[in-house]
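Undergrad: Sharing a structure, written as structure tokens. Questions coming.
Number of protein chains: 2
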Amino acid sequence: MADQIYPIILCGGSGTRLWPASRESMPKQFTALVDARGSTFQATVERVTDASTFARPTVITAADARFIVAEQLAQVGVGADILLEPERRDSAAAVAVAALHAAARDPQAVVLILAADHVIEDAPAFAAAARAAAIGARAGQIMTLGIAPTKPATDYGYIRRGPALEGVPGAYAVARFVEKPNAEGAHDLIAEGALWNAGYFLFRADVMLAELRRHVPAVLDAAEAALEHATRDLDFVRLDAAAFGQAPKTSIDYAVMERTELAGVLPVSFAWSDVGTWDAVWGVLGRDAQGNAVRGRVELVETTNSLVHSEGEGLTTVVGLDDVVVVTTPDAVLVASKARSGQVKELVAQLRAAGHPEADAHRRMYRPWGWYQRIDLGERFQVKRIQVTPGGRLSLQKHFHRAEHWVVVRGTAEVTLDGAVSLVHENEAIYLPIGSMHRLANPGRIPLELIEVQVGSYTGEDDIVRTEDIYGR
Amino acid sequence: MADQIYPIILCGGSGTRLWPASRESMPKQFTALVDARGSTFQATVERVTDASTFARPTVITAADARFIVAEQLAQVGVGADILLEPERRDSAAAVAVAALHAAARDPQAVVLILAADHVIEDAPAFAAAARAAAIGARAGQIMTLGIAPTKPATDYGYIRRGPALEGVPGAYAVARFVEKPNAEGAHDLIAEGALWNAGYFLFRADVMLAELRRHVPAVLDAAEAALEHATRDLDFVRLDAAAFGQAPKTSIDYAVMERTELAGVLPVSFAWSDVGTWDAVWGVLGRDAQGNAVRGRVELVETTNSLVHSEGEGLTTVVGLDDVVVVTTPDAVLVASKARSGQVKELVAQLRAAGHPEADAHRRMYRPWGWYQRIDLGERFQVKRIQVTPGGRLSLQKHFHRAEHWVVVRGTAEVTLDGAVSLVHENEAIYLPIGSMHRLANPGRIPLELIEVQVGSYTGEDDIVRTEDIYGR
């Protein structure tokens, strides 16, 4: 329909403040951190599926996350355009790409920019707010949604309202965007009716493009070139790396919103959280009478107001503490003061500086064909559990320093070994000598699981020579 | 020599207050918790190896721990008699067995009872104290070592001194044993010169036996019968289970020390800790400028006065906390207020009540032939890493519900499969079908390591039929 809103979901973030559950290799927006039924990315997508309000969504994400995005979209049964950023260039470049992508369909398309990692339970209220703000967008304003503050937060920017916007019921001109205040400043801002800036923007594509041209032409030039030379890769549109890399790294807030004269704000009052810290995650989860939110295998003794999140098979216990966050994963554990959980960002920087691989990589590594997970490591061996989704097919490959033993524990494997193809069934094994050319695939209807025992003088991931790969790696 | 002291080391405890590092399946006295060079049991044994003071030691331990005791003794190169308790019957029964065992060698033998889980760095001071107290023991007293208190502890019993003991330099008669006091009581006790009761007793065997006969004859009867019907089992003396089970469960403190008129105490001032809680472990470990004691892969941000102990490969992190204990193991994590770490005992009781296997069993299970460790578990499979010490030999066995794949990753395996014996070398695998009769041994000079992949409808430990076992299981 002509008055549909074009939702564009930005999900390029790495969510390091929710380490160790969220890491570069699987950022928070793709995990079931706050809702076991699905990720916040999936909830965001589902929030914009009502065709009476929204057009087909577009997702802008990091190239590395493309198979996760595709799989999670398939799980919720939603089709979307997927644009791949070769690298992170901050939000101005992403919004420029979004505006150009929408303008290609309709120069006056009304675009809604959304983050993939927010929690908004009341989807109808959100859709109603989008429709109300779209009125301003159609009239040529660049609208934001201003969240009604629930506490004097110091980790959000604020929006001071100006006069009411003529012809846009409930909306105001923006008097000023205010950067993250201190506690006193937050208190004063709330007293005068300022709103939280949650990063939701609605605008006509042509209006945003004109403002980008005026305020940050280099960003727009880079975005235009990146789209012009983009390549289609399976179902993805891969932005041109050389061109996109020319975009200055700047936020849309700084580049346009703080400078434009067209900024408007629609106050909204639905419950919202950016679940940006473990403290915020605790805030949106259900809690027991002692104020504890627990997930997984957890036992507590005299513990209160805490978040205890146990991933995997391990047992996590807490004795005699108040206001703590405990997050355990198969390879890393975080224990933090809840009030200081924002400092997890510093921690991750410290982990990177110390060279800990757990800073960015998860134990379970997702691949287009499924995933693998290291389960044991010795001096001259490594053991992995590998799952291949039905139809999945690894690259044709060989290793110089390790032999591999595969034992199928579920499903059926199709194994190509030096040109010969054979089926390996549950409770059967096959041996792949050093230097042999081999390939693993799942020809069946259920997931294939196998245990891989690697034996050799070196078992690093980089001892791999790929010769064919259906995923274009 | 005639005036040697017979050390008898009691190591039957389970150390649940140091869970999850210490568990029933591997109690704290056998772990390298406080000193990476060895266990407190080994340090205790080494403390009594000076032949000018001590005779060959005797160890009294749980039957389940016998191979750990034997291996740890071999590691430090000390020979000892090893008496196995079929079950725990508290300390009076153990002391009765100790006195009888020593009396069999020399009715007037001077016995020193020691716990296996204490930290005493100053071995010469300890030996000197034992020699000084032995003077009183030879004169017919039942002597204790009274530790000079360093704080008003409420988790130890105290000893109030009476008049000086005639003929025993530095020693006093015991006025009274006082049970664990409250904080105020502890303060008063220390002010009047009372000492900590650390459970060290020195006595002539005949004197203790007479006191046991007088105060708790049922304990002595049970101990006598248990030794009379004991069986030799490899290098162990296994007390008769039926007889030992008749011993009333009571402590030597309650049964004898609080009633006898022969109690004497020698004040000692060497540094001592029973490392009974994580707080106490923190107290004996080296600490950095922030007061933190760390072990393993650990990173801290603005954390102070804490113990962070990471076992295994995992990374453990703490942000913004003071006075906490964090202990991570491959299958269980404890986070506790340091001041309340004594409540870990309650936690373990809670874990048992909830049926968590981690309450008592470690991931790595020690066996007479080496150890095994589960590294992965699925619906119809389980993966283990198995290490067999040189010369080790598992029982001849079969399973009804699972087949097994063994991949040797280090050393050489001798595999017996339905009567046929073959050698399986590093990077070779062998398949053991369901129902096959098989046996694994390490005929080599280095440890044998293999990955076992079990596949079947049931992979529990109890699906095993043993037909031959060199360890008499």
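Chains A and B are the protein sequences, given in the same order. Quick note: the first sequence uses the UniProt record's numbering, first residue 1, plus one each step. Quick note: the second sequence uses the UniProt record's numbering, first residue 1, plus one each step. Yeah, the Cβ is synthetic: ideal placement off N, Cα and C, and Gly gets one too.
Which one of 308(B), 166(B) and 159(B) has the shortest CA to CA distance from residue 181(B)?
TA: If we check each option's Cα against that of residue 181(B), 159(B) comes out closest.
Undergrad: Determine, using beta-carbon pairs with one atom in the stretch 332–339 of chain B and one in the stretch 309–321 of chain A, whether at least three such pairs fall under 8 angstroms.
TA: The stretch 332–339 of chain B, when compared against the stretch 309–321 of chain A, does touch it at the 8 angstroms Cβ threshold.
Undergrad: Pick helix, strand or coil for residue 385(A), following the three-state DSSP scheme.
TA: Strand.
Undergrad: Three or more C-beta pairs under 8 angstroms: does that hold for the stretch 384–396 of chain B against the stretch 356–376 of chain B?
TA: Short answer: they touch.
Undergrad: Report back the beta-carbon spacing between residue 466(A) and residue 382(A) to the nearest angstrom; my notes put them in contact at under 8 angstroms.
TA: At roughly 19 angstroms, the Cβ-Cβ gap does not stay under 8 angstroms, so residue 466(A) and residue 382(A) are not in contact.
Undergrad: If we define contact as Cβ-Cβ less than 8 angstroms, is residue 427(B) a contact residue for chain A?
TA: Interface residue, yes.
Undergrad: Skipping 5 residues on each side, what residues in its chain have a beta carbon closer than 8 angstroms to that of residue 292(A)?
TA: Around residue 292(A): 300, 303, 304, 305, 306, 307 and 308.
Undergrad: Less than 8 angstroms between the beta carbons of residue 206(B) and residue 103(B), yes or no?
TA: Cβ distance < 8 angstroms, so residue 206(B) and residue 103(B) count as in contact.
Undergrad: State yes or no: is the beta carbon of residue 261(B) nearer than 8 angstroms to at least one beta carbon in chain A?
TA: Chain A, which has no Cβ nearer than 8 angstroms to the Cβ of residue 261(B), makes this no.
Undergrad: The beta strand (DSSP E) that contains residue 61(A), what's its start and end?
TA: Note, residue 61(A): beta strand (DSSP E), 58–62.
Undergrad: Kindly identify the DSSP beta-bridge partner or partners of residue 264(B).
TA: Residue 264(B) is bridged to 143(B) and 173(B).
Undergrad: So is residue 458(B) buried or exposed if we call it buried at 16+ other beta carbons inside 10 Å?
TA: Counting Cβ neighbours within 10 Å, residue 458(B) comes out exposed, since fewer than 16 surround it.
Undergrad: According to DSSP, simplified to helix, strand and coil, what is residue 208(A)?
TA: Helix at residue 208(A).
Undergrad: Rounding to the nearest angstrom, what Cα-Cα distance links residue 195(A) and residue 142(A) in this structure?
TA: Taking the straight line from one Cα to the other gives about 16 angstroms.
Undergrad: On a Cα-Cα basis, can you pick out the residue from 153(B), 119(B) and 228(B) that is closest to residue 528(B)?
TA: No information on residue 528(B) is available, as it lies outside the stretch 1 to 473 that chain B covers here.
Undergrad: If we call anything under 8 angstroms between Cβ atoms a contact, is residue 280(A) one with residue 121(A)?
TA: Result no, Cβ atoms of residue 280(A) and residue 121(A) do not sit closer than 8 angstroms.
Undergrad: Can you list the residues of chain A that residue 431(B) reaches, using a CB-CB cut of under 7 angstroms?
TA: Those are 429, listed as they occur along chain A.
Undergrad: Taking the beta carbon of residue 29(B) as the centre, do at least 16 other beta carbons fall within 10 Å, making it buried, or is it exposed?
TA: Buried, since its Cβ has 16 or more Cβ neighbours within 10 Å.
Undergrad: Under 8 angstroms between the Cβ atoms of residue 19(B) and residue 285(B)?
TA: No; because the gap between Cβ atoms is not below 8 angstroms, this pair is not in contact.
Undergrad: Taking the alpha carbon of residue 36(A) as the point to measure from, which residue in 369(A), 214(A), 296(A) and 10(A) has its own alpha carbon closest?
TA: Minimum Cα distance to residue 36(A) is reached at 296(A).
Undergrad: Would a check of beta-carbon distances place residue 400(A) closer than 8 angstroms to chain B?
TA: No, its Cβ sits nowhere closer than 8 angstroms to a Cβ of chain B.
Undergrad: Is the beta carbon of residue 115(A) closer than 8 angstroms to that of residue 199(A)?
TA: Cβ atoms of residue 199(A) and residue 115(A): closer than 8 angstroms.
Undergrad: Does the beta carbon of residue 340(B) come closer than 8 angstroms to any beta carbon on chain A?
TA: Yes, its Cβ sits closer than 8 angstroms to a Cβ of chain A.
Undergrad: For residue 273(A), which of helix, strand or coil comes out of DSSP?
TA: If DSSP states are grouped into helix, strand and coil, residue 273(A) belongs with the strands.
Undergrad: Any idea if residue 1(B) is buried or exposed, counting beta-carbon neighbours within 10 angstroms, 16 or more meaning buried?
TA: With a pLDDT of only 49 at residue 1(B), under 50, the local geometry of the prediction cannot be trusted, and the value read off the model is given with reservation. When all chains shown are included, residue 1(B) counts as exposed.
Undergrad: Helix, strand or coil: how does DSSP classify residue 470(A) here?
TA: In this structure, residue 470(A) counts as coil in the three-state DSSP scheme.
Undergrad: Report the neighbours of residue 350(A) on chain B: residues whose CB is nearer than 8 angstroms to its CB, in chain order.
TA: 299 and 301, listed in chain order.
Undergrad: Who are the Cβ neighbours of residue 448(B) in its own chain at under 6 angstroms, not counting the five residues just before and after it?
TA: If we look at residue 448(B) and ignore the five residues flanking it on each side, its Cβ neighbours are 388, 411, 413 and 442.
Undergrad: Which ranges does the beta strand (DSSP E) cover as unbroken runs of at least 3 residues, wholly within the stretch 313–399 of chain B, from first to last along the chain?
TA: Those beta strand (DSSP E) runs which fall completely within the stretch 313–399 of chain B and span 3+ residues are 315–319, 324–328, 332–337, 364–367, 370–377, 381–388 and 396–398.
Undergrad: Please report how far the alpha carbon of residue 495(A) lies from the alpha carbon of residue 239(B), in whole angstroms.
TA: In this structure chain A extends from 1 to 473, so residue 495(A) is not present and cannot be described.
Undergrad: Compare the Cα-Cα distances from residue 212(B) to each of 97(B), 349(B) and 15(B) and report the closest residue.
TA: Of the candidates 97(B), 349(B) and 15(B), the one whose C-alpha sits nearest the C-alpha of residue 212(B) is 97(B).
Undergrad: Using a 10 Å radius around the Cβ and a threshold of 16 neighbouring Cβ atoms, would you call residue 75(B) buried or exposed?
TA: Exposed, by the Cβ-count rule.
Undergrad: Which residues, in order along the stretch 159–180 of chain A, keep a beta-carbon less than 8 angstroms from a beta-carbon of chain B?
TA: Those would be none; no residue qualifies.
Undergrad: Just curious, the alpha helix (DSSP H) that residue 310(B) is in, first and last residue?
TA: No alpha helix (DSSP H) contains residue 310(B), which is instead part of the beta strand (DSSP E) from 307–310.
Undergrad: Please name the residue, chosen from 343(A), 342(A), 329(A) and 290(A), that lies closest to residue 321(A) on a Cα-to-Cα basis.
TA: Ranking 343(A), 342(A), 329(A) and 290(A) by Cα distance to residue 321(A) puts 290(A) first.
Undergrad: Three-state secondary structure (DSSP) at residue 437(A)?
TA: Reduced to three states, the DSSP call for residue 437(A) is coil.
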